[in-house]
Each structure stands twice: as structure tokens, then as C-alpha cells.
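Colleague: Got a structure here, written out as C-alpha cells. Questions coming.
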Amino acid sequence: MHRKNSLFYKTENGAEMGDLHMSLIHTCELNGVNPFEYLIELQKHAEELTKHPADWMPWNYRQALQQVGTSQPPA
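Everything in the sequence shown is counted per the numbering used here, starting at 1 for the first residue and increasing by one.
If you want it as C-alpha cells, here you go:
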């Protein structure tokens with residue numbers, strides 16, 4: 001479905017951003033992570049994310065939250 005919808009982006013850059021977000025959401029779903037909560041945590045911890053981006057991937061961001069002392073989001 002996304003493949004058909006992606007034909008209607010206005011610009012190439014817009015299509016790239018849309019594909020990036022869809023890929024991120026799908027990766028979250030494959031790893032049992034709520035995509036909305038994940039993206040919120042990325043915004044809240046932008047500074048830590050910039051310093052150590054590998055620690056904030058969907059499959060291990062909960063450990064990064066524990067390291068910074070934030071309560072873990074519901075599973």
C-alpha cells in the first residue's frame with residue numbers, strides 16, 4: 001500500500017523522508033516497540049541520541065533509557 005501512496009509525494013526529498021519514517025515504524029513493529037512512544041523518547045533525548053546513536057535503535061533503546069535514568073515506557 002505504501003508503495004502506491006509514495007507515487008504522490010510532491011518532491012524527491014519528501015519521498016525519501018516518507019520512506020525513512022515508514023522504515024523506522026516497520027522496524028519498531030518488528031521489534032515489539034510502540035513506534036509513537038519510541039519517536040517521542042528520541043525527541044526527549046536528542047542530546048544523548050546525538051552522542052551515541054547506536055544505543056537508541058529500536059531494539060535496544062530501553063536499555064539507553066535505563067542508563068539515563070528515565071522510567072521505561074510501557075511494553
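Even for Gly, the Cβ is constructed at its ideal location relative to N, Cα and C.
Excluding the five sequence neighbours on either side, which residues of its own chain have a C-beta within less than 6 Å of the C-beta of Trp56, listed in chain order?
Modeller: Leu49 and Ala64, listed in sequence order.
Colleague: Closer than 6 Å by C-beta to Ala54: which residues in its own chain qualify, once you throw out the five before and the five after it? Chain order, please.
Modeller: The answer is none, since no qualifying residue turns up.
Colleague: By the 10 Å Cβ neighbour count, where 16 or more other Cβ atoms means buried, how is Val68 classified, buried or exposed?
Modeller: With fewer than 16 other Cβ atoms within 10 Å, it is exposed.
Colleague: Does the separation of the CB atoms of Glu41 and Tyr61 fall below 8 Å?
Modeller: Yes.
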